[in-house]
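Chemist: Each residue of the sequence shown is one higher than the last, beginning at 442 in our numbering.
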Amino acid sequence: MTFSIVARSADGTQLGVAVASKFLAVGAAVPAAETGAGALATQAFANLRYRPDGLTLLRNGATAAETVAQLTAADDGRAERQLGIVAATGDGATYTGAECFDWAGGVAGHGYAIQGNILTGPDVVDAMAAAWTGSDTHAPLATRLLKSLAAGDRAGGDRRGRQSAALLVVSPGGGYGGGSDVLVDLRIDDHTDPVTELSRLLDLHALYFDRPDPETLLDLTGALASEVAERLATLGHPAEPVEDALASWAGVENLEERLVPGKIDPVVLHQLRAVSTPTTGSS
């Protein structure tokens, strides 16, 4: 009833899962990931104990294949289970029980495991694998995972239809304000086109929560500082210095993760220009 990809970033810093299904709130059941341990997807007649038990095994040094073997060996319902695992070391493994509904199967390699059941056919898994292996290894893991999921969706996906999708990525200190390892946790629980909607949310997530690229930051001085101050004043945020006004506005707009002392992120500047009244000499 589900197709998913579990993967690790090429640099080894991120682990994640992308999943879609004709099932309500699939993100509440299938994915699990932990920095330094690994990531997994439990599906078909999902065994939710696989999530904490699997992460414990991975955390204690078991390989992906060993974790699959131990979880399924202890499970009397293993014939109806499907499981994909990637360890923090990058090894991947996938398992499909003999009694999973057709079409069911998977493929795994270094850094990924892809699997699905009740699919329109093997083309779904093949398309996901091709999208994953052909994607830019320097791109964010969330982007690569979603590209693979979208390829499976276009190839037919769940043969019963569409309902939900989810994306989970962990990275050390990657959460809001650096207070957790959960870099991305997005869920579409009930929608006619959940993978497309998930893509829209990921774009918003990047806007609000991606850290700015240091190479693109602009000095908040001179004419640019004057323009920013004038635009902020028209929005009801007059303050000296301009950094205080910028922080006040950015906090309201949920752009605080993009603030850097003495600089302005071009993404923030673009948003400010889009919502403020132009002033004389501004561009």
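Ideal Cβ placement from N, Cα and C applies to all residues, glycine included.
Can you say whether Y678 is buried or exposed, counting buried as having 16 or more other CB atoms within 10 angstroms of its CB?
Modeler: Note on residue identity: the sequence assigns His, not Tyr, to residue 678. H678 comes out buried.
Chemist: Using a Cβ-Cβ cut-off of 7 Å (strictly less than) and excluding sequence neighbours within five positions of D622, which residues of its own chain qualify?
Modeler: The answer, listed in chain order, is T476, V611, S612, P613, G614, G615, G616.
Chemist: Give the secondary structure of V471 by DSSP, where H, G and I count as helix, E and B as strand, and everything else as coil.
Modeler: Here V471 sits in coil by DSSP.
Chemist: Could you pull out every residue in the same chain whose Cβ sits closer than 6 Å to the Cβ of E697, ignoring the five residues on either side in sequence?
Modeler: Contacts found: A691.
Chemist: Rounded to whole angstroms, what's the CA-CA distance from G457 to L713? Just pull it up for me.
Modeler: The straight-line gap from Cα to Cα measures roughly 33 Å.
Chemist: I think L687 touches L673, with their Cβ atoms under 8 Å apart; what is that distance to the nearest whole Å?
Modeler: Rounded, the Cβ-Cβ distance is 6 Å, consistent with contact.
Chemist: Which of helix, strand or coil does DSSP assign to D644?
Modeler: The answer is helix: DSSP assigns D644 an H, G or I state.
Chemist: Bridge partners for A459 per DSSP, in chain order?
Modeler: A459 is bridged to I446, L608.
Chemist: Could you give the first and the last residue of the continuous alpha helix (DSSP H) run that contains R714?
Modeler: Looking at the DSSP string, the run of the alpha helix (DSSP H) that includes R714 is 707-716.
Chemist: Assign A480 to one of three DSSP states: helix, strand, or coil.
Modeler: Reduced to three states, the DSSP call for A480 is strand.
Chemist: Do the CB positions of R603 and T633 come within less than 8 Å of each other?
Modeler: Contact flag set, yes.
Chemist: Hey, quick one: how far does the beta strand (DSSP E) through R522 stretch, first residue to last?
Modeler: Counting along the chain, the beta strand (DSSP E) containing R522 begins and ends at 522-528.
Chemist: Can you tell me where the beta strand (DSSP E) with T675 in it begins and where it stops?
Modeler: Per DSSP, T675 belongs to no beta strand (DSSP E); it is in the alpha helix (DSSP H), 663-675.
Chemist: Output the distance between the C-alpha atoms of D567 and G663, rounded to the nearest integer angstrom.
Modeler: Taking the straight line joining both Cα atoms gives about 54 Å.
Chemist: 8 Å is my cut-off, CB to CB: does A715 come that close to chain C?
Modeler: Absent from the structure is chain C; it holds one protein chain and no more.
Chemist: Rounded to whole angstroms, what's the CA-CA distance from K463 to T535? Just pull it up for me.
Modeler: Each residue's alpha carbon lies about 21 Å from the other.
Chemist: State the beta-bridge partners of N695 as determined by DSSP.
Modeler: None, per the DSSP bridge assignment.
Chemist: Which term fits V636, buried or exposed, when burial requires 16 or more other beta carbons within 10 angstroms of its beta carbon?
Modeler: It counts as buried.
Chemist: Say whether the region 519-529 touches the region 481-488, bearing in mind that this needs 3 or more beta-carbon pairs closer than 8 Å, one atom from each stretch.
Modeler: Short answer: they touch.
Chemist: What residues are listed by DSSP as bridge partners for N488?
Modeler: Per DSSP, none; premise fails for N488.
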